[in-house]
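Trainee: I'd like to ask some things about the structure below.
Number of protein chains: 2
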Amino acid sequence: MDIANYMQQIGQQAKSASRLMARASSAQKNQALRLIAAAILREAVAIRAANHIDMEAARATGLAPAMLDRLSLSEQAINNMAEGLLQIAALPDPIGEITDLKFRPSGIQVGQMRVSLGVIGIIYEARPNVTVDAAGLCIKSGNATILRGGSEAIHCNQALAKLVQEGLLGAGLPVQAVQVIETTDRAAVGQLITMPEFVDVIVPRGGKGLIERLIKESTVPMIKHLDGICHVYIDDKADLVKAANIAFNAKCHRYGTCNTMETLLVARPIAAQILPKLATLYARKQVELRCDAEAFALLADYPYLVAAQEADWSTEYLAPILSIKIVSDLDEAITHINHYSSQHTDTLVSEDYSRALRFMREVDSASVIVNASTRFADGFEFGLGAEIGISTDKLHARGPVGLHGLTSVKYVVFGHGEVRE
Amino acid sequence: MDIANYMQQIGQQAKSASRLMARASSAQKNQALRLIAAAILREAVAIRAANHIDMEAARATGLAPAMLDRLSLSEQAINNMAEGLLQIAALPDPIGEITDLKFRPSGIQVGQMRVSLGVIGIIYEARPNVTVDAAGLCIKSGNATILRGGSEAIHCNQALAKLVQEGLLGAGLPVQAVQVIETTDRAAVGQLITMPEFVDVIVPRGGKGLIERLIKESTVPMIKHLDGICHVYIDDKADLVKAANIAFNAKCHRYGTCNTMETLLVARPIAAQILPKLATLYARKQVELRCDAEAFALLADYPYLVAAQEADWSTEYLAPILSIKIVSDLDEAITHINHYSSQHTDTLVSEDYSRALRFMREVDSASVIVNASTRFADGFEFGLGAEIGISTDKLHARGPVGLHGLTSVKYVVFGHGEVRE
Numbered sequence: 001m002d003i004a005n006y007m008q009q010i011g012q013q014a015k016s017a018s019r020l021m022a023r024a025s026s027a028q029k030n031q032a033l034r035l036i037a038a039a040i041l042r043e044a045v046a047i048r049a050a051n052h053i054d055m056e057a058a059r060a061t062g063l064a065p066a067m068l069d070r071l072s073l074s075e076q077a078i079n080n081m082a083e084g085l086l087q088i089a090a091l092p093d094p095i096g097e098i099t100d101l102k103f104r105p106s107g108i109q110v111g112q113m114r115v116s117l118g119v120i121g122i123i124y125e126a127r128p129n130v131t132v133d134a135a136g137l138c139i140k141s142g143n144a145t146i147l148r149g150g151s152e153a154i155h156c157n158q159a160l161a162k163l164v165q166e167g168l169l170g171a172g173l174p175v176q177a178v179q180v181i182e183t184t185d186r187a188a189v190g191q192l193i194t195m196p197e198f199v200d201v202i203v204p205r206g207g208k209g210l211i212e213r214l215i216k217e218s219t220v221p222m223i224k225h226l227d228g229i230c231h232v233y234i235d236d237k238a239d240l241v242k243a244a245n246i247a248f249n250a251k252c253h254r255y256g257t258c259n260t261m262e263t264l265l266v267a268r269p270i271a272a273q274i275l276p277k278l279a280t281l282y283a284r285k286q287v288e289l290r291c292d293a294e295a296f297a298l299l300a301d302y303p304y305l306v307a308a309q310e311a312d313w314s315t316e317y318l319a320p321i322l323s324i325k326i327v328s329d330l331d332e333a334i335t336h337i338n339h340y341s342s343q344h345t346d347t348l349v350s351e352d353y354s355r356a357l358r359f360m361r362e363v364d365s366a367s368v369i370v371n372a373s374t375r376f377a378d379g380f381e382f383g384l385g386a387e388i389g390i391s392t393d394k395l396h397a398r399g400p401v402g403l404h405g406l407t408s409v410k411y412v413v414f415g416h417g418e419v420r421e
Numbered sequence: 001m002d003i004a005n006y007m008q009q010i011g012q013q014a015k016s017a018s019r020l021m022a023r024a025s026s027a028q029k030n031q032a033l034r035l036i037a038a039a040i041l042r043e044a045v046a047i048r049a050a051n052h053i054d055m056e057a058a059r060a061t062g063l064a065p066a067m068l069d070r071l072s073l074s075e076q077a078i079n080n081m082a083e084g085l086l087q088i089a090a091l092p093d094p095i096g097e098i099t100d101l102k103f104r105p106s107g108i109q110v111g112q113m114r115v116s117l118g119v120i121g122i123i124y125e126a127r128p129n130v131t132v133d134a135a136g137l138c139i140k141s142g143n144a145t146i147l148r149g150g151s152e153a154i155h156c157n158q159a160l161a162k163l164v165q166e167g168l169l170g171a172g173l174p175v176q177a178v179q180v181i182e183t184t185d186r187a188a189v190g191q192l193i194t195m196p197e198f199v200d201v202i203v204p205r206g207g208k209g210l211i212e213r214l215i216k217e218s219t220v221p222m223i224k225h226l227d228g229i230c231h232v233y234i235d236d237k238a239d240l241v242k243a244a245n246i247a248f249n250a251k252c253h254r255y256g257t258c259n260t261m262e263t264l265l266v267a268r269p270i271a272a273q274i275l276p277k278l279a280t281l282y283a284r285k286q287v288e289l290r291c292d293a294e295a296f297a298l299l300a301d302y303p304y305l306v307a308a309q310e311a312d313w314s315t316e317y318l319a320p321i322l323s324i325k326i327v328s329d330l331d332e333a334i335t336h337i338n339h340y341s342s343q344h345t346d347t348l349v350s351e352d353y354s355r356a357l358r359f360m361r362e363v364d365s366a367s368v369i370v371n372a373s374t375r376f377a378d379g380f381e382f383g384l385g386a387e388i389g390i391s392t393d394k395l396h397a398r399g400p401v402g403l404h405g406l407t408s409v410k411y412v413v414f415g416h417g418e419v420r421e
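Chains A and B, in that order, are what the protein sequence lines are.
The letter at position 189 of the first sequence is residue 189 when you use the UniProt record's numbering, and the numbering goes up by one with no holes.
The letter at position 150 of the second sequence is residue 150 when you use the UniProt record's numbering, and the numbering goes up by one with no holes.
Following this line, the structure appears as structure tokens:
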């Protein structure tokens with residue numbers, strides 16, 4: 001197989017399909033989503049059989065249990081995929097929406113129309129549900145998409161791709177609007193990220209290593225985040241009950257997510273009061289605490305105590321490990337966060353009005369939270385209805401990215417014969 | 001002078017200044033703009049003297065008259081620069097604005113806060129007024145900026161930079177928020193566009209050749225357009241009076257601007273009726289008409305008639321030259337435009353409601369206009385108050401780019417102690 005030729009063909013087909021998707025009606029797009037959902041439920045047994053082949057092969061190559069867990073599709077997971085598509089169908093169609101239509105002194109009326117981006121390339125690991133979620137979001141936002149999932153999920157992804165294309169066909173939409181790359185050859189990814197003539201944006205989802213490599217090689221813009229080094233700062237004006245709940249939830253609700261807290265900052269005046277209480281909570285979950293010298297001294301009896309190293313302040317543990325630092329005040333906290341944070345999500349716990357406003361304004365992260373868990377930084381929790389990924393960049397899309405992040409706008413002018421004087 | 005070291009230092013200083021600019025109050029930023037405007041009026045004689053030095057040097061090297069014209073600063077141009085700053089001061093401050101603050105079922109309240117981008121690099125040709133306009137827009141949007149103007153304007157730009165920095169200082173803002181590169185060495189540009197650690201976005205303004213070169217080398221995202229191949233399509237349902245006014249204005253109002261029409265498309269059923277009328281108008285301005293075979297036959301007596309070549313459909317003349325093609329209908333017009341247009345600005349002239357809606361939806365350009373001149377595609381005419389440039393890309397900013405294009409948003413969450421269940 002000539003990978004370069006194959007990818008050129010995939011790219012051309014996607015580009016052609018994207019033109020038809022851009023002008024598809026809301027009714028057609030929603031019909032496609034509902035047809036795909038129905039096909040997935042109808043073919044649940046066949047999907048699980050394809051998934052079984054992938055799982056057997058992955059076990060044989062000794063894939064890690066956590067990866068196997070992501071790869072496996074339970075009956076519930078299949079129902080969730082179908083349900084997710086119906087939820088996307090129920091969202092308002094962003095495409096064609098015109099906002100801010102205003103008359104200008106010249107007599108023209110100027111507004112902005114939301115339009116699709118074109119072709120979205122999505123690169124992800126061995127999670128077959130992403131195939132369906134991403135296809136659904138791209139269809140609804142009037143884009144064509146090229147999907148490249150982890151090679152371990154290839155059989156399941158191809159089974160799902162057939163059902164997606166069946167749904168597109170049934171709704172009178174181009175089947176090539178959603179294409180799953182059929183080869184597991186890594187060169188296909190190299191091609192996908194260097195075809196700016198066909199691909200408008202790449203959404204990479206996966207580990208930091210993968211994304212760093214893609215950034216280096218890609219000539220197509222990306223909507224991405226590298227990692228989530230999220231902070232909670234407990235201010236000396238904090239409500240300590242809220243503080244304990246938030247700091248516990250932000251670390252222990254789930255360890256492997258990018259919006260999980262990795263570093264806890266505590267104001268010196270209340271450190272001796274709050275830290276032992278928090279330690280009691282963390283001890284139940286056997287959370288390792290990597291403390292600076294002051295916090296270390298306060299928590300000397302804690303069973304999973306470690307002295308923090310400089311590297312801890314910039315490490316995403318994705319595990320029951322938390323670094324803790326005591327700071328003098330809000331200024332030191334903001335300075336620490338703006339230096340070490342991955343600009344993903346950071347939380348202040350405080351009842352002080354002015355400090356809350358300062359934290360919101362001065363912390364330079366995609367999501368800045370006062371008095372709530374970092375775990376809320378998520379497309380569904382923020383009300384986007386769905387999420388294609390999270391961006392820690394400032395251009396185009398920032399924070400959780402939903403349908404709008406897969407769109408652009410153009411200016412539209414309603415004239416009545418006006419000319420420039 | 002070690003250019004790499006020099007630019008690293010400029011970059012670091014800009015990054016530091018950008019942090020202070022991001023949190024500057026509206027009052028401080030507006031005070032700086034007013035102080036700079038006052039300083040420019042006060043030092044008008046000195047500015048013109050610096051400009052005189054540049055003009056003499058440019059004449060000595062034989063700079064083209066059109067370029068000399070752009071380089072020269074009349075008293076009126078100096079007044080306009082000051083007036084422009086006062087207009088920017090009068091615009092609402094976009095930074096810190098919070099929109100769409102909504103309660104979620106979890107109890108948190110989520111919105112988006114507008115924030116500055118950081119450091120903007122601006123690369124432009126020998127037009128000293130851009131120095132002041134760009135500085136003003138970057139100050140107002142809470143960014144730091146590094147300005148690299150055409151080397152022919154170096155004395156004038158440095159004189160203006162001093163006044164800008166005087167204004168920043170007077171308002172208590174960091175003087176390094178606006179830095180003008182002090183060397184005319186081209187290597188400085190190469191450095192500026194490859195310092196993503198210091199520069200968040202590059203706005204290049206200039207000819208297609210310059211921008212193509214920058215695109216190839218830059219590792220920093222750009223807000224840009226390459227050229228303006230703008231179309232007017234006169235539909236067979238057009239009001240022919242409006243059509244003639246618009247087609248004449250779009251070509252002849254100014255020849256050298258990127259929103260000037262370069263290709264006129266005419267529906268076959270009305271071609272014989274409208275084209276001779278238009279030719280009478282164009283003849284007065286000695287506009288050369290490069291026609292396809294059908295239009296050529298209709299305009300056989302026109303004094304400046306040329307047969308169009310394939311290359312004409314993708315040429316930006318920036319001159320009194322117009323290519324003309326006869327098409328069968330709206331579909332052929334849209335297909336031609338989406339193929340040959342530079343996605344800048346395209347106009348339909350028609351009284352047909354459904355065709356107007358289809359043109360607006362299906363033409364994939366930054367500005368899509370019905371029944372008005374392409375010349376309206378401009379930040380001031382669209383009501384942005386000011387313009388840093390025009391983007392024909394779809395990511396981040398599209399069309400005329402004002403203050404908002406120099407900003408991003410972050411999610412802000414107002415919580416009351418909420419945690420994820």
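The beta carbon of each residue, even a glycine, is placed where N, CA and C say it ideally should be.
Relative to the C-alpha of B:L35, which residue among B:I139, B:S341, B:R186 is closest?
Mentor: Of the candidates B:I139, B:S341, B:R186, the one whose C-alpha sits nearest the C-alpha of B:L35 is B:I139.
Trainee: Determine the chain A residues that contact B:D346 at a beta-carbon separation under 8 Å, and present them in chain order.
Mentor: Ordered by position in chain A, no residue passes the 8 Å Cβ test against B:D346, which lies about 10 Å from the chain.
Trainee: Quick one: what's got a C-beta closer than 6 Å to A:T347's C-beta in the same chain, skipping five residues either side?
Mentor: The residues are V232, I369, T374.
Trainee: Provide the residue span of the alpha helix (DSSP H) that contains B:E288, from first to last.
Mentor: Segment 288 to 291 is the beta strand (DSSP E) holding B:E288; no alpha helix (DSSP H) there.
Trainee: Looking only at C-alpha atoms, which of A:V409, A:E381, A:V412, A:R284 sits nearest to B:G111?
Mentor: Residue A:E381 is the option with its Cα nearest to B:G111.
Trainee: My output table needs one value for A:C258: the three-state DSSP class, helix, strand or coil.
Mentor: Coil.
Trainee: If we require 4 or more residues per run, which alpha helix (DSSP H) segments fall completely within the segment 278 to 357 of chain A?
Mentor: Taking only runs of at least 4 residues, the alpha helix (DSSP H) segments lying wholly in the segment 278 to 357 of chain A are 293 to 298, 330 to 340.
Trainee: Using a Cβ-Cβ cut-off of 8 Å, state whether A:P94 counts as contacting chain B.
Mentor: No, because no Cβ of chain B sits closer than 8 Å to the Cβ of A:P94.
Trainee: Counting only beta-carbon separations shorter than 8 Å, does B:N245 have a partner in chain A?
Mentor: Closer than 8 Å: yes.
Trainee: Quick check on this structure: which residue in B:D301, B:S328, B:A22 has the alpha carbon closest to the alpha carbon of B:G142?
Mentor: Minimum Cα distance to B:G142 is reached at B:A22.
Trainee: Starting from B:R114, find everything on chain A with Cβ-Cβ shorter than 7 Å and list it in chain order.
Mentor: In chain order: nothing, as chain A lies at least about 11 Å away.
Trainee: Taking C-beta pairs closer than 8 Å, name the residues in chain A that B:I360 reaches, listed in chain order.
Mentor: It is worth fixing the name first, because residue 360 of chain B is Met in this sequence and not Ile. Neighbours of B:M360 on chain A, chain order: M113, V412.
Trainee: Residues of the segment 127 to 160 of chain A with a CB closer than 9 Å to any CB of chain B: list them in chain order, please.
Mentor: So nothing in the stretch comes that close.
Trainee: List the whole-angstrom C-beta distance separating A:Y411 from B:G399, where the pair is believed to meet the contact cut-off of C-beta under 8 Å.
Mentor: Right, their Cβ atoms sit about 4 Å apart.
Trainee: In chain order, what residues of the segment 185 to 208 of chain A put their CB closer than 8 Å to some CB of chain B?
Mentor: Flagged, chain order: D200, V201.
Trainee: If you count every other CB in all the chains shown that lies within 10 Å of the CB of A:L169, and 16 or more means buried, which is it?
Mentor: A:L169 should be labelled exposed.
Trainee: Please determine if the segment 212 to 222 of chain B and the segment 238 to 256 of chain B are in contact, where contact requires at least 3 C-beta pairs separated by less than 8 Å.
Mentor: As far as the Cβ criterion goes, the segment 212 to 222 of chain B does not touch the segment 238 to 256 of chain B, which means the pair count is below three.
Trainee: Contact criterion: CB-CB distance below 8 Å. Does A:N249 meet it with respect to chain B?
Mentor: Yes, because at least one Cβ of chain B sits closer than 8 Å to the Cβ of A:N249.
Trainee: With A:I234 and A:V349 assumed to form a contact (beta carbons below 8 Å), what rounded beta-carbon distance in angstroms separates them?
Mentor: That pair is a contact at about 5 Å.
Trainee: Which residues in chain B have a C-beta closer than 7 Å to the C-beta of A:R355? List them in chain order.
Mentor: Correct list: empty, because the minimum Cβ distance to chain B is about 14 Å.
Trainee: In chain B, which residues lie less than 8 Å from A:L395 when you measure between Cβ atoms?
Mentor: What A:L395 touches in chain B: L117, D200, V201, P221, L395, H396, S408.
Trainee: Would you identify the three-state DSSP class for B:V220, choosing helix, strand or coil?
Mentor: Reduced to three states, the DSSP call for B:V220 is coil.
Trainee: Please decide whether B:R42 counts as near chain A, where near means a Cβ-Cβ distance under 8 Å.
Mentor: Not closer than 8 Å to any Cβ of chain A, the Cβ of B:R42 fails to qualify, so no.
Trainee: So which residues of chain B does A:R420 contact, with C-beta pairs closer than 7 Å?
Mentor: What A:R420 touches in chain B: N249, H253, S373, R375, F376.
Trainee: Give the interface partners of B:S365 over in chain A, defined as CB-CB distance under 7 Å, in chain order.
Mentor: Those are K410, listed as they occur along chain A.
Trainee: On a Cα-Cα basis, can you pick out the residue from A:G209, A:I211, A:N338, A:S218 that is closest to A:T263?
Mentor: Here the closest residue by C-alpha is A:N338.
Trainee: Checking the sheet assignment: what are the DSSP bridge partners for B:M113?
Mentor: Bridge partners of B:M113: B:I98, B:K410.
Trainee: Do B:Q179 and B:L147 come within 8 Å of each other at the CB atom, strictly closer than that value?
Mentor: Yes, they are a contact pair.
Trainee: Excluding the five sequence neighbours on either side, which residues of its own chain have a C-beta within less than 6 Å of the C-beta of B:E125, listed in chain order?
Mentor: The residues are G150, G206.
Trainee: With burial defined as no fewer than 16 other Cβ atoms inside 10 Å of the residue's Cβ, what is the status of A:M195: buried or exposed?
Mentor: Counting Cβ neighbours within 10 Å, A:M195 comes out buried, since at least 16 surround it.
Trainee: Considering only their Cβ atoms, is the gap separating B:V132 from B:L160 smaller than 8 Å?
Mentor: Their beta carbons are under 8 Å apart, which means B:L160 touches B:V132 by this criterion.
Trainee: Distance, Cα to Cα, A:F414 vs A:T184?
Mentor: Straight-line Cα distance between these residues: approximately 49 Å.
Trainee: For A:H231, which residues does DSSP report across the bridge?
Mentor: Paired residues: A:T263, A:D346.
Trainee: Spatial neighbours of B:E197 within its chain, please: CB distance less than 7 Å, with the 5 preceding and 5 following residues excluded, ordered by chain position.
Mentor: Cβ within range, chain order: n/a, list empty.
Trainee: Just to make sure I have the definition right: I need the residues of chain B whose C-beta is within less than 8 Å of the C-beta of A:D239. Which are they?
Mentor: What A:D239 touches in chain B: G417.
Trainee: Any beta carbon from chain A within less than 8 Å of B:I234's own beta carbon?
Mentor: No, because no Cβ of chain A sits closer than 8 Å to the Cβ of B:I234.
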